[in-house]
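To convert, note that position 420 of the sequence shown is 419 in numbering that gives the first Met the number 0; the numbers rise steadily by one, no gaps. Below is one structure, written out as structure tokens, with a few remarks after it.
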Amino acid sequence: MFKPIISPPLIRAAAWAALAPGVKRWVNFSRKDATFPMPTVSIIVPTLNEAANIDPLITRIEAACLGAALDYEILVVDDGSTDDTRDRVRCLLPDHPLRLIEREPDHGLAGAVLDAAAQAAAEVVLVIDADLSHPPEAIPALAAPILSGLADMAIGSRYVTGGSTPGWSRLRRLVSRFATLFSWPLTEVQDPLSGFFAVRRRRLLALDKTVSGFKIGLELLAQAGESLRVVEIPIAFHDRVEGRSKFGLANGFAYLEQLARLLGGSASGGSALRFGLVGLLGMALDLSLFSLLLSRGVSLGTAHATSFLLATINNYLLNAYWAFRREPGADRAVTFNRYALFLVVAVLALCLRGGVLAALTGGGGWSPRLAILPAVLAAAGVNYFGAAWLVFPVRDRRVAPELRWNLITWAVVAYVLCLRLVYLGGPDLLQEEAYYWSYAQRLDIGYLDHPPMVAWLIWLSTSVFGDTEFAVRLPAFLSGLVAAVFVFKLSRNLYGGGVARRALGVFAVLPVFFICGFLMTPDAPLIACWAAALHYLERALLGRHSRAWLGVGAALGLGFLSKYSIGLLGLATLVYVLLDRPSRAWLRQPAPYLGALLALLICSPVILWNAQHDWASFAFQSTNRLAGDFHFSLPQLVGSMLLLLSPTGFFAAAGALLGKGGIPPMASGSVHAPADEIGASADRRRFELIYTLVPLAVLMLFSLTRAIKLNWTGPIWLVLVPWLGYFLCSGRVPQGSRLLQRIHRLWPATMAGIMLTLAIMLHVLTLAFPLQLYPARSSLIGWHDLADQIERIEDRIEQETGQEPMVVGMDKYGITSRLAFYRTSVLKQRGPLGREESLNGTIGRHVVGLSSLMYQWWQLRPAVPGSMLILVDEDPENLTKRSVERHFESLGAVQQIDAHKNGSRVGTFYYRIGQWKG
């Protein structure tokens with residue numbers, strides 16, 4: 000649903016107009032022919048053994064309605080009370096606009112409300128509990144937005160500002176709020192479980208008569224979808240004074256089953272039990288095969304994957320023919336396509352399981368036979384969700400289609416986050432990551448080729464968690480979370496809460512943002528800062544909030560400490576202000592200039608470093624690139640977009656830029672929806688176009704004459720993520736836009752394909768797959784083994800010559816950086832001396848006259864004439880060049896060294912040992 004409106008002044012003003020007395024119509028309510036005004040609100044009170052509460056409830060309702068001049072009727076619908084509830088109601092009939100509806104017991108709360116709504120005389124109905132937990136004094140406030148036409152549904156909320164739960168313990172509040180989390184795919188309402196609400200009668204009557212569940216408000220929210228305009232009115236929720244609560248553990252399970260049904264899942268206590276039994280059988284088979292394969296000498300990766308896949312076949316057949324076959328409404332057909340979908344879910348579960356297994360056996364130090372248990376549980380969770388909601392779903396056309404998309408995108412986000420987290424310490428560091436780790440070992444306020452933020456974050460993380468892959472990448476993971484928060488806020492401001500949830504799913508699976516949330520490069524904090532800057536720019540330029548400029552300044556300043564390219568946002572902002580007439584007023588106000596000053600103060604360290612080093616870093620990233628060789632790289636730029644966004648994402652973004660499908664409107668129920676929707680849509684369109692096209696135009700112009708890099712366009716696409724989230728749901732795709740319709744049909748397969756590809760890649764780089772299939776001669780893995788062998792060679796030379804040799808990586812920085820990192824791991828047992836040897840004894844190729852970036856700037860242990868050097872490269876020809884050999888007094892033959900991972904050869908390197916002459 001949409002962001003709740005919390006009793007704004009407009010609603011309070013409309014209340015008096017809506018409730019003002021006018022021409023009265025009269026209706027007979029009692030058996031004594033007493034007449035009462037025709038009601039404008041029908042108040043429904045479900046009861047079950049509420050004799051002690053009914054009198055004070057009716058009295059307080061009457062006082063509240065008369066005080067607000069609200070014409071009302073009360074419909075008490077009783078579900079077979081065994082006390083004197085019905086007798087008490089009958090006694091009140093002559094003196095109140097009251098009717099009693101008597102039903103048979105155990106027909107459910109939802110049925111009681113629907114029966115009463117069918118007999119209501121008013122077009123607006125209001126539901127309230129009979130136990131006095133809901134304050135009747137709030138009835139006029141709930142009725143006003145509906146009567147005035149400002150909303151379709153008003154909810155008495157415990158959790159909006161002004162709401163409260165007096166007398167509740169902290170634990171009870173925590174449990175209640177936790178329960179509401181499960182309804183997030185359905186609605187953005189903060190108190191969706193409230194049984195105190197007002198709505199138009201026709202919406203209740205539109206519900207299926209067989210609707211079940213004790214939270215009928217959820218049924219309304221689910222079946223109306225995002226077309227429902229919802230407001231939340233703060234109330235104080237009190238515990239009942241008299242009688243016993245009807246809520247128990249069974250109600251909790253009923254609530255979860257109701258949610259599952261509303262979201263299209265065949266999940267229930269019965270299916271969960273049957274799935275659990277199938278899972279236990281599969282687990283027994285899985286563990287038995289796993290232990291058997293390990294005992295036969297099969298590798299960890301092959302054993303876990305083989306046992307899992309065989310158990311999966313068993314589980315599919317039992318789930319298809321037994322576990323989910325009994326669920327009402329479940330799609331029971333057993334087809335090859337359904338098995339293929341089940342297999343996709345199984346492989347995703349396998350890859351997550353592999354990550355848990357690798358994390359626990361590697362960084363955690365667990366034994367494989369112990370680590371397999373939590374790994375199996377993680378896979379079981381993925382399998383159950385996939386089976387219940389994707390493979391064997393309940394087909395219910397009454398539920399709005401966007402809600403199913405909301406659930407899918409939340410599941411995608413949860414899976415991607417878990418996948419990234421468990422694999423942070425799995426694959427070996429890329430050369431860039433190891434290079435920035437080397438930055439962090441020589442902490443500074445600036446570096447030649449990048450600003451210092453990446454080094455600061457790695458230093459902070461490794462100071463806590465040590466020199467591990469997990470510690471190096473953890474800041475990227477956290478930066479991805481920060482970026483996701485600001486993407487959600489930006490999307491909610493532009494298109495409402497429902498779109499924001501789906502936009503998160505798009506953000507999670509697009510390759511560029513997945514990678515930036517996993518690999519620790521300057522792009523990781525840049526993406527977070529870029530997303531934050533866009534959020535605050537939208538609040539400043541579209542929302543007209545002057546304080547947002549301070550947020551803009553902070554985001555740009557931190558972004559400039561991450562990567563200089565965030566300056567493109569400054570250029571785009573200038574273009575926007577000049578083209579948008581209302582925004583030009585900011586040029587005459589202090590707020591933007593204060594934001595610019597704040598940005599300058601935050602990024603001053605890198606400016607100071609450049610000033611102290613002859614502006615070296617600024618020149619490296621600007622004039623030096625412009626002075627490079629001619630290279631027409633526009634095709635490579637377009638190709639990089641296809642890789643970063645996926646083909647589906649690329650053409651969807653192209654549709655956004657070309658205006659295919661028109662201008663998406665703001666969700667009608669959003670708190671951010673302006674009165675002038677047409678003008679606001681144009682503003683949003685202008686915002687998205689300028690903040691995409693201006694940075695993109697700069698890069699396209701550059702690509703006409705100079706080489707570009709794969710990752711350069713990455714952050715540019717952030718501003719289009721809300722747009723992509725809007726059109727993710729089929730109900731949003733314009734009928735006349737064939738491009739968007741085709742793209743929409745491709746999104747499910749695209750999301751599954753991206754997740755499969757990335758998950759399998761992470762699994763292969765960490766544990767391989769069955770038969771130990773590793774990429775041949777890959778430079779991505781095997782570095783720990785290579786560092787260990789290089790260290791043994793170094794020790795041998797030191798024993799033979801009495802001189803400690805130095806290791807030289809013969810590429811620009813990659814080999815040097817990764818050997819420095821993994822030699823640190825190998826030499827960990829030697830303590831600080833080993834660490835010092837690794838850091839200062841692994842140097843760059845500048846000793847043979849070639850560029851090695853920051854390695855030629857750092858003051859490492861100097862190589863003096865006569866020093867012994869070990870030259871290492873992947874290409875033997877680089878070790879035999881005359882330009883290299885002339886720097887040595889003597890130089891041994893080129894020798895081969897093979898790198899291994901989990902017993903398999905994964906790479907081949909070459910080395911030469913020589914005595915350096917300078």
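Cβ coordinates follow ideal geometry from the N, Cα and C atoms, glycine included.
Exposure of residue i, with buried meaning 16 or more beta-carbon neighbours within 10 Å
i, result
"residue 177", "exposed"
"residue 630", "exposed"
"residue 101", "exposed"
"residue 864", "exposed"
"residue 321", "exposed"
"residue 335", "exposed"
"residue 611", "exposed"
"residue 522", "buried"
"residue 190", "buried"
"residue 87", "buried"
"residue 355", "buried"
"residue 463", "exposed"
"residue 77", "buried"
"residue 205", "exposed"
"residue 174", "exposed"
"residue 438", "buried"
"residue 283", "exposed"
When the options are compared against residue i, the one with the closest alpha-carbon
i, options, result
"residue 653", "698, 711 and 716", "716"
"residue 766", "366, 361 and 517", "361"
"residue 578", "625, 472, 593 and 690", "690"
"residue 705", "781, 647 and 635", "635"
"residue 786", "537, 909 and 746", "909"
"residue 764", "357, 615, 836 and 889", "357"
"residue 494", "604, 467, 534 and 468", "534"
"residue 226", "150, 363 and 792", "150"
"residue 873", "66, 893 and 84", "893"
"residue 261", "800, 133 and 388", "388"
"residue 868", "796, 435 and 153", "796"
"residue 143", "70, 413 and 84", "70"
"residue 159", "127, 146, 181 and 193", "193"
"residue 850", "814, 810, 827 and 875", "810"
"residue 556", "623, 598 and 834", "598"
"residue 628", "383, 701, 802 and 407", "701"
"residue 161", "224, 231 and 127", "231"
Three-state class that DSSP yields for residue i in the structure shown
i, result
"residue 899", "strand"
"residue 84", "helix"
"residue 446", "coil"
"residue 891", "coil"
"residue 490", "helix"
"residue 910", "strand"
"residue 645", "helix"
"residue 76", "strand"
"residue 155", "strand"
"residue 637", "helix"
"residue 273", "helix"
"residue 674", "Annotation note: pLDDT 41 at residue 674 (below 50); position unreliable, coordinate value reported separately. Residue 674 falls in the coil class under three-state DSSP."
"residue 181", "coil"
"residue 39", "coil"
"residue 750", "helix"
Proximal residues to residue i (C-beta, below 8 Å), its chain only, five neighbours per side dropped
i, result
"residue 899", "781, 784 and 905"
Chain-order list of residues whose beta-carbon lies under 7 Å from that of residue i (same chain, five-residue window excluded)
i, result
"residue 595", "552"
"residue 508", "411, 415, 750, 753 and 754"
"residue 719", "652, 655, 687 and 691"
Contacting residues, own chain, Cβ-Cβ under 6 Å from residue i (five flanking each side not counted)
i, result
"residue 821", "782, 783 and 786"
"residue 21", "At residue 21 the pLDDT is 38, less than 50, meaning the model places this residue with poor confidence and gives no usable figure here."
"residue 723", "505 and 651"
"residue 434", "812 and 816"
"residue 857", "441"
Cβ-heavy atom distance, residue i to the ligand NAP, below 7 Å
i, result
"residue 401", "The ligand content of the structure shown is nil, which means the ligand NAP is not present either."
message = Which runs of the alpha helix (DSSP H) at least 4 residues long sit entirely within the region 809-869? Give them in chain order.
response = Residue ranges of uninterrupted alpha helix (DSSP H) with 4 or more members, entirely inside the region 809-869 and ordered along the chain, are 813-825 and 831-839.
query = What runs of the alpha helix (DSSP H), each 4 residues or longer, lie entirely inside the region 89-133?
reply = The qualifying runs are 108-118.
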